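Novice: Can you read through this structure? Questions will come right after.
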Amino acid sequence: MKSVKSLVVPYLDGISRQSSHEKLLSAMDDVPDHNVEEVSWPAFPYRPHVRFKLAHASDCLLLSYLVREKHVRAFYTNTNDPVYKDSCVEFFLSFDTRHYYNLEFNCAGTGLIGYGDSDLEKRRRLPKELIETVKAIPSVPVKEALTAEMRWGLLLVIPFSVFDTHAITGFGGMRCTGNFYKCGDELPIPHFLSWNRIDHPTPNFHLPQFFGDLVFQ
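In our numbering, the protein residues as written are 1 to 217.
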C-alpha cells in the first residue's frame, strides 16, 4: 500500500505578486516548512538537506526552498532549458489527479514549466513569456563554515495565470495533489529526492499516482 502524505497550505493575507521582495520573504517566515527527503532509488543514495514552504495569496502561490548540498551548478540560463540537469527544485501540481503542471527551477531561478499527463511525448511546454511571469528570487550560494556543503535558497512567486488550462481565481478551500522534488541529473553526485515516496524501479518524477494531498486553507 502506497504512503500518501498530506499538506495543509496556509493563506497569506495582505500579500500579492506585486508585494516587495522584503515583504514576500518576511511573509514566508512563519509558514511551516517540510522535508524533501525520500530516496526512492537505492542506486542514487545521496540525500542533500532540502526543506520547502508552500503558501497561497490573493493572486499567487508562494513556494520557497532551502537546500544544502555538496555541489551547486546553474549551467542553464534560458527559459525551458533542461534545468533538471542543474541544482534543481521542482513542484508538480494536479487538479484532477491525472494531468499536472511540472514547475522546475534551477538555483539561479531559470525555469521550465509543462502540462499534460504522464505520457511525456504528449506533454506541452508553456510559452516562454508565461513562464517568465513567475518571479524567481534566488539567494547566492554560500559555503557552510563547518561542512563541505553549499547552502542556497529560492523563492518562487507563481501567478495563477501560469495554470493556463484552468481558470484559477483563488486556491482557498481547494484540494489538489502534488509532489516536491530535488534533483541534479548531471551533478557530480546525481540524486533524486521527493516529498512523497515513489514506488517505481527507476527515477521518474512524472507519476501522479504517487502525489501527496494538498489542502488549501
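Glycine residues also receive a C-beta, built at the ideal position from the N, C-alpha and C atoms. The structure displayed is predicted, hence computed values, not measured ones.
Could you give the residue range of the beta strand (DSSP E) that holds E90?
Specialist: Taken as a continuous stretch (DSSP letters only), the beta strand (DSSP E) holding E90 covers 88-94.
Novice: Can you find the residues in the same chain that come closer than 6 Å, C-beta to C-beta, to V8, ignoring five residues on each side of it along the sequence?
Specialist: So the qualifying residues of the chain are V215.
Novice: In the DSSP assignment, find the unbroken beta strand (DSSP E) run with L126 in it and report its ends.
Specialist: Premise fails: L126 is in no beta strand (DSSP E) and is neither H nor E.
Novice: Is it the case that the Cβ atoms of F52 and S64 are separated by a distance below 8 Å?
Specialist: In this structure, S64 lies closer than 8 Å to F52 by Cβ.
Novice: Measure from the alpha carbon of K135 to the alpha carbon of each residue in K143, E149, V142, A108, then state which is nearest.
Specialist: The residue with the shortest Cα to Cα distance from K135 is A108.
Novice: For F210 versus H56, is the C-beta distance shorter than 8 Å?
Specialist: No.
Novice: Considering only residues of the segment 108-182, which uninterrupted beta strand (DSSP E) runs meet the minimum length of 3 residues and lie entirely inside it, listed in chain order?
Specialist: The qualifying runs are 111-116, 135-138, 150-159.
Novice: Excluding the five sequence neighbours on either side, which residues of its own chain have a C-beta within less than 7 Å of the C-beta of P10, listed in chain order?
Specialist: Correct list, in chain order: V31, A55, Q217.
Novice: Which residues does DSSP list as the beta-bridge partners of V64?
Specialist: Note that residue 64 is Ser in the sequence shown, not Val. Paired residue(s): K53, L155.
Novice: May I ask you to report which of helix, strand or coil DSSP gives V83?
Specialist: Residue state, collapsed to three classes: helix.
Novice: At the level of alpha carbons, what is the spacing between H206 and K143?
Specialist: About 32 Å.
Novice: Return the first residue and the last residue of the beta strand (DSSP E) that E104 is part of.
Specialist: It spans 100-106 - the beta strand (DSSP E) in which E104 sits, taken as one unbroken run.
Novice: How many Å lie between L103 and M150 at the Cα?
Specialist: In a straight line, the C-alpha of L103 is about 23 Å away from that of M150.
Novice: Among N78, H71, W152, M28, which one has its Cα closest to the Cα of Y46?
Specialist: It is H71 whose Cα lies nearest to the Cα of Y46.
Novice: Between the Cα of L155 and those of K5, E121, S3, C60, spot the shortest distance and give me the residue it belongs to.
Specialist: The residue with the shortest Cα to Cα distance from L155 is C60.
Novice: When you compare only the Cα positions, how much space is there between E69 and P127?
Specialist: Going by the C-alpha atoms only, they are around 31 Å apart.
Novice: Considering only the beta carbon of each residue, do W195 and H49 sit closer than 8 Å?
Specialist: Cβ distance not < 8 Å, so W195 and H49 don't count as in contact.
Novice: Quick check on this structure: which residue in E186, L187, K182 has the alpha carbon closest to the alpha carbon of S245?
Specialist: Because the chain here runs from 1 to 217, residue 245 falls outside it and cannot be looked at.
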